[in-house]
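Heads up: the protein sequence lines correspond to chains A and B, in order. Residue numbers for the first sequence follow my numbering, so the first one is 799 and each next one is one higher. Residue numbers for the second sequence follow my numbering, so the first one is 601 and each next one is one higher. First comes the structure, then the notes that go with it.
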Amino acid sequence: MTIQATDTSVRASVLVEAAIEHAFAVFTEQMATWWPAGHHILEAELAEMVFEARVGGHIYDHGVDGSESHWARVLAYEPPHRVVFSWDISLQWQLETNPERASEVEVRFVADSPERTRVELEYRGIERHGEGWEQMQAAVGSPNGWNSGLAAFAHRLGS
Amino acid sequence: MTALGDPTRRAIFERLADGPLAVGAIALNLPVSRPAVSQHLKVLKQAGLVIDRPVANRRLYSLDPRGVGELHAYFDRFWNHALRAFKAAAEQRGEESP
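Written as structure tokens, this is what we have:
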């Protein structure tokens, strides 16, 4: 995959040996089974991850201490072909409450055969997060820069 | 005020996300004058978000790849990692209930 440095979206795709309905269900309702461990913004340890399978629903994390983090809004839900959700996490790894400053993820499912599905993901609108861009820009190349911040984040969350 | 706190600058920045443009093209359909656009570009440049370079007899503006690339690379890694894990989960469960 080529990375275009001036692009503010990320595209990734994968071919899955599974029927389209199954691939869609695993991606959405069973998101907790594959979501990269540690990648949540709760203070507490993750107890469960919930995907509310409808437009207007949320994707949220439950902490073991009862805390909740609603980090995404389901913007489109068209099983088994397409799902779009917002990314309400700022570049400072805080919940973003202003929907205009959220980026979003669109996932499309295309049946290659009855047993094989191509899943295409686009993460876009990174620039909408605004201020983090500048902080990040200022931080690039400094000892306490973006990358070390990410490393600390990853470490704190145990990933 | 931060460079991207201004809606016009946000609009300019988002426009440049699609590729390099000259001032005239950036100003197209924006509700501000061309000199105002130049002023906004200057602020974005000073904030390290935009770079410019002379091409023929005009100046092309684009997003500064040093600022943009790091974050892009992070999310590129993240989503590719996530999709690999998703593939494994989808295929494993497929075997359990064929």
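Every residue, glycine too, gets a C-beta built ideally from N, C-alpha and C. All values reported here derive from a predicted model rather than from experimental measurement.
- Under the 8 Å criterion on CB atoms, Pro834 (chain A) is classed as interfacial with respect to chain B.
- The beta carbon of Pro877 (chain A) sits closer than 7 Å to the beta carbons of Phe822 from its chain, once the five residues preceding and following it are set aside; these are given in chain order.
- Note that the C-beta distance between Arg922 (chain A) and Ser888 (chain A) is not below 8 Å.
- Contact of Phe825 (chain A) with chain B by beta-carbon distance below 7 Å involves Phe686.
- Taking one beta carbon from each stretch, the region 671 to 688 of chain B and the region 617 to 634 of chain B have fewer than 3 pairs nearer than 8 Å; the two do not touch.
- 8 Å or more divides the Cβ of Ala851 (chain A) from the Cβ of Thr915 (chain A).
- Looking at the backbone, the Cα of Ser807 (chain A) and that of Ile924 (chain A) are separated by about 7 Å.
- For Ser662 (chain B), there is no enclosing alpha helix (DSSP H); the enclosing beta strand (DSSP E) has its first and last residue at 658 to 663.
- Looking at the DSSP output, Met847 (chain A) bridges to A:Asp859.
- Between Leu813 (chain A) and the set A:Phe907, A:Phe883, A:His927, the nearest pair of CA atoms involves A:Phe907.
- Put simply, the CB of Ala611 (chain B) is far from chain A, with every gap to its CB atoms at 8 Å or more.
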